[in-house]
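Here the structure comes first, spelled out in structure tokens, and everything after it is commentary.
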Amino acid sequence: MASGERNPRLRGDASAGRGGREAVQRQGPGPRTHPLPSPLVPGFIQSPPAAPAAPPPPRPCPAATGPVPRLGRMKVTSLDGRQLRKLLRKEAAGCLVLDCRPYLAFAASCVRGSLNVNLNSVVIRRARGGPVPVRFVVPDEAARARLLQEDGPGVAAVIVLDQSTRHWQKLRKDSTAQIVLSTLLSSLPAAPKVCFLRGGYETFYSQYPECCVDVKPISQEKSETEKNLINHCERQNISHKPAYDQGGPVEILPFLYLGSAYHASKCEFLANLHITALLNVSRKSSESCTEQYHYKWIPVEDNHMADISSHFQEAIDFIDCVRRTGGKILVHCEAGISRSPTICMAYLMKTKKFRLEEAFDYIKQRRSMISPNFGFMGQLLQYESEILSSTPNPPVASCKREAVSFFAEELTLSQGFEGSCYTFPTSVLTTVPIRSPVHQLKLSPIAASSSC
């Protein structure tokens with residue numbers, strides 16, 4: 001066959017192929033099909049349709065293969081006093097005891113080597129029983145580093161305790177111990193065991209006082225130097241007036257008076273001022289004239305360890321009750337110098353929204369001899385912060401928001417705020433300057449109004 005000739009079979013196949021393609025094109029519009037050769041074309045064998053691809057295997061759920069959440073991996077273990085004593089004796093280096101009682105109770109007596117957890121009321125309110133940053137629970141950096149250490153000689157067990165709760169499931173949602181447990185369960189690595197002391201410090205101390213530390217109360221006796229100073233004043237015929245010889249009771253508000261136990265014992269003083277109620281804030285209950293008056297006794301010691309702030313609301317409610325009935329009340333302690341002025345200052349701060357310095361100055365102008373002890377002043381500072389944090393719109397001009405991590409929208413500061421150094425008297429012989437950013441406002445007398 002000549003090279004120039006074409007194979008007729010190939011020509012036929014080609015023409016047939018063209019005819020087949022033309023036939024496919026003449027079928028008109030319709031659904032697009034896969035470009036397979038026509039079954040009419042000779043020399044081609046149509047392959048069977050491909051089976052549908054198998055669906056990919058389902059992807060595993062991350063929660064099923066990932067790490068188990070810490071809350072599911074950790075739980076609270078209850079300890080009794082005997083078990084805690086054994087831990088403290090044999091594995092003290094691997095234990096961290098967190099005491100959730102108020103600071104004053106912790107400072108008076110605590111488990112040896114324990115740390116106090118003192119959460120601000122703002123933190124407690126915002127936490128609502130849930131976790132907070134670990135730095136609030138364990139502010140000590142060294143202890144916090146040991147607590148969060150995942151390998152090496154860290155903390156093997158964290159023991160949480162309060163005053164007397166029998167079981168951790170009985171804790172109030174807003175209690176410090178509940179917030180501490182929530183924080184530990186959500187923030188710690190798997191290693192430390194979280195424990196709660198059944199019965200609290202009260203039970204443990206009654207069983208094993210040798211494992212606790214007691215702070216001896218400050219002696220109320222005068223030192224030899226003070227005795228010599230008093231004797232010298234008497235020899236020099238210097239007038240040394242006792243507390244009750246400093247004039248009569250002073251008016252703080254039209255219905256509120258401040259004085260001493262001497263004033264409360266003199267019925268003529270009370271009659272002249274039209275006093276109808278007595279609030280006694282001292283160690284001893286007064287007996288004279290109490291039958292004629294609405295009387296309340298709040299026993300408080302006059303030392304820096306005494307907890308007077310827990311009685312603030314009780315005293316304020318009693319004073320307000322007298323005010324609403326149109327009466328007048330005398331607040332007194334033994335000398336009218338420390339405890340009763342503290343109660344009056346707390347009343348002004350709560351009801352009149354005074355800052356601490358303003359309340360102190362206001363009462364000092366009326367009774368110059370007041371001198372609350374340092375512990376009471378610290379509790380008033382804490383009370384001031386609680387009042388400010390609970391006030392929706394504090395009475396401060398030109399306020400701006402300051403976002404502070406966990407405390408966002410809790411603090412309002414004035415643009416004109418400046419730190420001022422104020423000296424609070426703490427004893428007869430010493431004064432301690434406290435740096436406090438308090439607004440400097442000019443004091444004005446409080447006018448009586450129908451709302452009072």
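Going by UniProt numbering, the first residue of the sequence shown is number 1, and it counts up by one from there. Virtual Cβ for every residue (Gly too), placed ideally from N, Cα, C.
Two segments are said to touch when three or more pairs of C-beta atoms, one from each, lie closer than 8 Å; by this definition the segment 122–136 touches the segment 181–195. Following the DSSP letters along the chain, one finds residue 295 inside the beta strand (DSSP E) bounded by residues 294–297. A residue is called buried once 16 or more other Cβ atoms fall within 10 Å of its Cβ, and residue 350 is buried on that count. Counting of Cβ neighbours within 10 angstroms places residue 112 among the exposed residues, the total staying below 16. By the Cβ criterion, the segment 78–90 is in contact with the segment 196–215, since at least three pairs of Cβ atoms, one from each stretch, lie closer than 8 Å. Per DSSP, the unbroken alpha helix (DSSP H) holding residue 380 starts and ends at 374–390. Per DSSP, the continuous beta strand (DSSP E) segment holding residue 332 begins and ends at 329–332. Membership of residue 159 in the beta strand (DSSP E) is indicated by the continuous run 157–161. For residue 252, the three-state secondary structure derived from DSSP is strand.
Burial is judged here by how many other beta carbons sit within 10 angstroms of a residue's own beta carbon; residue 340 has at least 16 and is buried. Setting aside the 5 residues that flank it on each side, residue 183 is surrounded in the same chain by 131, 132, 134 and 137, each with a C-beta closer than 7 Å to its C-beta; the list follows chain order. Secondary structure of residue 196 (DSSP, three-state): strand.
With a contact defined as Cβ atoms closer than 8 Å, residue 125 and residue 162 miss out at about 18 Å.
Taking every protein chain shown into account, the CB of residue 365 has fewer than 16 other CB atoms within 10 angstroms, so this residue is exposed. The alpha-carbon of residue 263 is positioned some 13 Å away from that of residue 274. Excluding five sequence positions before and after residue 214, the CB atoms of its chain that fall closer than 7 Å to its own CB belong to 109, given in chain order. Burial state of residue 296 is buried, judged by a 10 Å Cβ sphere holding 16 or more other Cβ atoms. Of the residues 175, 78, 271 and 143, the one whose Cα lies closest to the Cα of residue 328 is 271. When the Cα atoms are used, residue 95 and residue 158 turn out to be separated by approximately 6 Å. Nearest Cα to residue 378 within the set 324, 314 and 309: 309.
Residue environment for residue 174: exposed (fewer than 16 other C-beta atoms within 10 angstroms of its C-beta). Cβ neighbours of residue 304 within its own chain (closer than 6 Å, five residues either side excluded): 373, 374 and 375. DSSP places residue 123 in the helix class (H, G or I) of the three-state scheme.
The beta-carbon distance between residue 346 and residue 316, rounded to whole angstroms, is 7 Å. This is short enough to meet the 8 Å contact definition. One thing to note: residue 258 has its Cβ no nearer than 8 Å to the Cβ of residue 337. Residue 128 counts as exposed, since fewer than 16 other beta carbons sit within 10 angstroms of its beta carbon.
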